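Taking it in order: structure first as structure tokens, then the write-up.
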Amino acid sequence: MTKKTFLLLPVILLFTACSNKDVQVNSNENMINEIKLSYGEYKKLYEAKNKKVKNVPIAKYEPIITPKEYKKLLLDDKEEEITSSASVTPPIKKQVFSDFYSEWKGVKYKLGGASKSGIDCSAFTQRIYKEKFGVEIPRTTKTQVDVGVEVKKSELIPGDLVFFKTGKTDRHVGVYVGNGEFLHSSIKGVQYTKLDKPFYKKNYWTSRRIIE
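When the letters of the sequence shown are read in order and numbered with our numbering, they come out as residues 13 to 224.
Structure, rendered in structure tokens:
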């Protein structure tokens, strides 16, 4: 029994040594393979595993942009935003005012009136806001002037309310539609009028913005 044990022991040691040698060889081969990876290949594998690379030099991963180029990009974005706004919003509002005018063209002014048999200025602005913009505003000129925010005459945009002092206690209101004009129910009926018309230019009071 002892002789068999002594005979088996060298055989076992021989196989164990061979096995360890294979493991060492395989390990060395893997290291060699890793060393053979190019930087680009390593970067690609690293990013695929980690989704993104943190704390790396910008020059290695992103194109360098100068302050001048960055400023130009900002200006281009701003110009595109302004162009987009100018090409979409005003035409839509302009069409709204045009449609409303077509519906009320020829209707006469009537103090206290709120229908097509006769309508006053504040009822007219109240109806256009409710029917075309879905916005409820007060009934009278003196209460409408407290709605929204005040804007300068030079900063008017379509949809702003424009107010006038036409007497000691009398007040008048209309809706600015752009191009220096406002739509209102005047003593001559529903019509467009220029803001720089002498009477309205002289009696201009204030403007309010309720919708953008």
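Even glycine gets a Cβ: it sits at the ideal position worked out from N, Cα and C.
Quick caveat, the model's predicted, so the values are computed rather than measured.
Item                                                                                                                                                                  : Value
Return the chain-ordered list of same chain residues with a C-beta closer than 7 Å to the C-beta of Cys133, the five sequence neighbours on each side being excluded. : Thr153, His184, Val185, Gly186, His196 and Ser197
With a threshold of 6 Å (Cβ to nearest heavy atom), would Leu123 be considered close to the ligand ADP?                                                               : Among the components modelled here there is no ligand, and therefore nothing to report on the ligand ADP.
Can you look up Val108 in the DSSP assignment and give me helix, strand or coil?                                                                                      : helix
Who does Glu233 pair with in a DSSP beta bridge?                                                                                                                      : The structure shown does not extend to residue 233, since the chain is modelled only from 13 to 224, so the question has no answer here.
Does DSSP classify Thr181 as helix, strand or coil?                                                                                                                   : coil
Quick one: grab the DSSP three-state call for Ser39.                                                                                                                  : The predicted model places Ser39 with a pLDDT of 49, which falls under 50 and marks its position as unreliable, so this point remains unresolved.
Would Thr181 be called buried (16 or more neighbouring beta carbons within 10 Å of its own) or exposed?                                                               : exposed
Could you check what DSSP says for Arg220 in three-state terms: helix, strand or coil?                                                                                : strand
Between the C-alpha atoms of Glu74 and Glu224, what's the straight-line distance to the nearest angstrom?                                                             : Reliability of the predicted coordinates at Glu74 is poor, the pLDDT of 46 falling under 50, and no value is obtained from them.
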